[in-house]
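Report on one structure; see the data block that follows.
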């Protein structure tokens with residue numbers, strides 16, 4: 009199962025943690041894993057290479073996490089919301105293989 013947690017501070021997505029494998033197909037032939045991985049890398053590459061932001065990023069087999077500062081989060085909202093929208097749509101089609109949730113963090117005043 010692929011588990012995706014988006015982290016929100018207030019109304020802003022400030023990052024995400026993606027972990028696991030879908031188990032839908034054999035490694036290298038799993039269309040769901042390929043779709044999620046491709047979208048995740050496009051999201052991170054757009055944030056770093058197009059928007060020129062420098063968030064904290066961690067990538068391992070079956071794992072990706074990105075954490076953005078408040079300023080970075082504001083600049084990257086459209087791409088992060090688009091990524092979340094894509095994963096929510098996939099989770100509706102593949103309920104047994106991917107879950108998407110939101111973790112809320114307190115905002116320091």
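Numbering (the working numbering), first residue to last: 9 to 117. Using N, Cα and C, we set each Cβ at its ideal position, and we do this for glycine too.
Does DSSP classify residue i as helix, strand or coil?
| i | result |
| --- | --- |
| residue 72 | strand |
| residue 18 | coil |
| residue 117 | Residue placement at residue 117 is flagged as unreliable, the pLDDT there being 40, under the threshold of 50; a coordinate-derived value is accordingly withheld. |
| residue 112 | strand |
| residue 23 | strand |
Nearest to residue i by CA position, among the options, is which residue?
| i | options | result |
| --- | --- | --- |
| residue 68 | 104, 107, 48 and 102 | 48 |
| residue 51 | 28, 30 and 76 | 76 |
| residue 60 | 46, 79 and 97 | 79 |
| residue 97 | 34, 40 and 56 | 40 |
| query | What are the start and end residues of each continuous beta strand (DSSP E) run of 3 or more residues lying completely inside the region 31-109, in chain order? | reply | 64-68 and 71-75
| Would you say the region 17-36 touches the region 61-75, given that touching needs at least three Cβ pairs under 8 Å? | yes
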